[in-house]
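Here the structure is laid out as structure tokens; the discussion comes afterwards.
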Amino acid sequence: MHDNKLKNIIEAILLASYEPLSVDKLFKIITSKEKTNKSDILSVINDLEKDYEDKDIEIAKVASGYRIQAKSEIGDYLNIMFADRTPRYSRALMETLSIIAYRQPVTRGDIEAIRGVSVSTSIMRTLTERNWIKIIGYRDVPGKPAMFATTPEFLDYFSLQRLDELPDLPEKKEPMDLDLELDGRSAVNQDLSGNGSEPVSVDSNQDTETPTIQD
Amino acid sequence: MDEPDLKLIKNQDIDNQINQPQQVEMPFAIVDGESMTELPSDLYIPPVALKVFLDTFEGPLDLLLYLIRKQNLNILDVPIADITDQYVNYINLMKELELELAGEYLLMAAMLAEIKSKMLLPLFEEVEDEEDPRAELVRRLLEYERYRAASEELNKLQRLERDVFITGVESSHLAQPIELPEIALQELLVSFQDVLNRAEMFTSLHMLKEPLSVRERMATILEKLKNKDFIDFTELFDFEEQKTGLVVTFLAILELMKESLIEIVQAKDFGVIHVKALLSDIEKSTEH
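Written out as structure tokens, the structure reads:
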């Protein structure tokens, strides 16, 4: 097929689609009418990407494939247009979602252990209804709790292709200095407070803890 | 931090400032070069604002982290007594403002009290493995903080419906051929058989009176034929009946034929079909 024709077809298909389309899917759609191959489709997509460089739309590759989207630069305009339609998600929901995303598969119990509050049913329902999370099995412990994981739709929504593109989880810190106790603790405080000479005994130390100033 | 500092300054702390001048309260604000450790008594915080503020905490860990961070305290070395007092003050405040106080907050208060009491006990150096009573709490705080930070990062990602938007061209005006699912008839029958089999398992529990019995209809037909020589085939049907009734009648006729209880005769092609009872057998059949 002529390249320009293929380009126009793919552009129109991507524009009309409500969800991202993979090369395989595009191939299946087009090949039912016209002879084509996947590498042509791919190169056409690259061409389109270049075409859009000066425009406010772009081709984005996300987990489920390619989609044509409005660039974030004009998000501000669109936000005004869609003001009442922009969904807002609570901190609790985002925290729950990130625990599922980073620690999957997780049970409700795992989420509760980290957040220190019970998992809200409405949050889990919202996440499930948005198709961001799904149950992928049941842990083999008493009660057989459901294990949750994220879906490709979740990645699509956050403009990601793979889970490992998630921002890095802050490094795990261990409270290793804690059990030094006695000398350890007072030594730290001495350095910061300039109180080098005075030995601090444990029992009097409790209520008069020197605030340790962090940078 | 310009958030309302709700910490109550305790007498101990004040004593402390006299005895050990270097251990002072972290100032929460510096006004004209003077550090403020206490809220000005005339500073009015409207209760509604406070409520909104308190409402934003996502649980006890969140509140604790706030308290620790607010005072630039080292999370690895939390002054548990101070923090416990402040925490309990917040809890009381929440109670006063009639915020929904989840059980988790109270559980945390109990945990803090437990840690505090453990910390007050003298520590024996020979017990090597004894862990700082705060360790578990600190571990949880650190772990929660990681995911809280991660969720903030997640929130910053380019998000559909907020940062980027799916474009769409209208295509509904184009006639789209309706794609019918391809199902082999065989498969349909097999699955229907399945349904029937399953349904049978349930029906076997009930003794349902069959509303339209072929047997009963057979008797009725024979009754109609009893005193007549021949009867028009169509006369056997009651046209006011529903289709099922008609089908049952037809089945009854076929059944009667099979059992050789009636005879069906057609005099000529396309002519009227007549039904005749084989009289000798009538008595036998009605006994069934």
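In order, the protein sequences belong to chains B and C. Take -7 as the starting number for the first sequence in our numbering and just add one per residue. Take 111 as the starting number for the second sequence in our numbering and just add one per residue. We put the CB at the ideal spot given by N, CA and C, even for glycine.
Check, Outcome
"Top-ranked residue by Cα proximity to A387(C), from I374(C), G169(C), K353(C) and R179(C)", "I374(C)"
"C-alpha distance - E50(B) paired with I276(C), whole-angstrom precision", "10 Å"
"Touching by the beta-carbon criterion (3+ pairs, under 8 Å), the stretch 86 to 93 of chain B and the stretch 63 to 74 of chain B", "no"
"Chain-ordered neighbours of A212(C) on chain B, where CB pairs are closer than 9 Å", "V109 and S110"
"Residues that DSSP places opposite G129(B) in a beta bridge", "M139(B)"
"Same chain, Cβ closer than 6 Å to F340(C), neighbours up to 5 away in sequence not counted", "H384 and K386"
"S31(B) burial status per 10 Å Cβ neighbour count (16 or more: buried)", "exposed"
"Beta-carbon gap between V111(B) and A212(C) smaller than 8 Å", "no"
"Proximity test, Cβ basis, 8 Å: L259(C) and chain B", "Reading off the sequence, residue 259(C) comes out as Ala, not Leu. Yes, because at least one Cβ of chain B sits closer than 8 Å to the Cβ of A259(C)."
"Every unbroken beta strand (DSSP E) inside the stretch 33 to 121 of chain B [3 residues or more]", "49 to 54 and 57 to 62"
"Helix, strand or coil at F167(C) according to DSSP, with G and I counted as helix", "coil"
"Any chain B beta carbon closer than 8 Å to N199(C)", "no"
"M139(B) to D48(B) span [Cα, whole Å]", "40 Å"
"Cut-off 7 Å between Cβ atoms - residues of its own chain near E206(C), not counting five sequence neighbours on either side", "none"
"Rounded C-alpha distance that separates R102(B) from V198(C)", "A small fix is needed here, since residue 102(B) is Asp in this sequence, not Arg. Distance between the alpha carbons of D102(B) and V198(C): 27 Å."
"Cβ of L(-2)(B) within 8 Å of any chain C Cβ", "no"
"Where the stretch 261 to 285 of chain C meets chain B: residues whose CB sits under 7 Å from a CB there", "S261, E263, L264, N265, L267, Q268, R269, L270, E271, R272, D273, V274, F275, I276, T277, G278, V279 and S281"
"Chain-ordered neighbours of Y254(C) on chain B, where CB pairs are closer than 7 Å", "I106, R107 and G108"
"E297(C) versus Q303(C) - alpha carbon distance", "10 Å"
"Contact residues within the stretch 153 to 180 of chain C, judged by C-beta distance below 7 Å to chain B", "E168, G169, P170 and L171"
"Residue from L247(C), E310(C) and L264(C) whose Cα sits closest to the Cα of L158(B)", "L264(C)"
"Whole-angstrom C-beta distance between I178(C) and I75(C), which should lie under 8 Å", "Examination of residue 75(C) is not possible in this model, given that chain C is present from 111 through 398 alone."
"Collapsed DSSP secondary structure at F19(B) in the structure displayed", "helix"
"Boundaries (first-last residue) of the alpha helix (DSSP H) holding Q196(C)", "I190 to E206"
"Candidates S301(C), T344(C) and A191(C): closest to K228(C) by CA position", "A191(C)"
"Chain B residues whose Cβ lies nearer than 9 Å to that of R250(C)", "A105, I106 and G108"
"Neighbour-count burial assignment, E351(C), 16 or more Cβ in a 10 Å radius", "exposed"
"Any chain C beta carbon closer than 8 Å to G57(B)", "no"
"Rounded distance between the beta-carbons of Q268(C) and S151(B), thought under 8 Å", "4 Å"
"DSSP state of Q376(C) mapped onto helix, strand, coil", "strand"
"DSSP-derived helix/strand/coil call for D160(B)", "coil"
"Cβ neighbours of S114(B) in the same chain (closer than 7 Å, five flanking residues each side left out)", "none"
"Cα-Cα separation, D348(C) to A377(C)", "24 Å"
"Straight-line gap, D39(B) to I2(B) (C-alpha atoms, nearest Å)", "11 Å"
"As assigned by DSSP and simplified to three states, the class of A387(C)", "strand"
"Candidates V358(C), L299(C) and P156(C): closest to E326(C) by CA position", "V358(C)"
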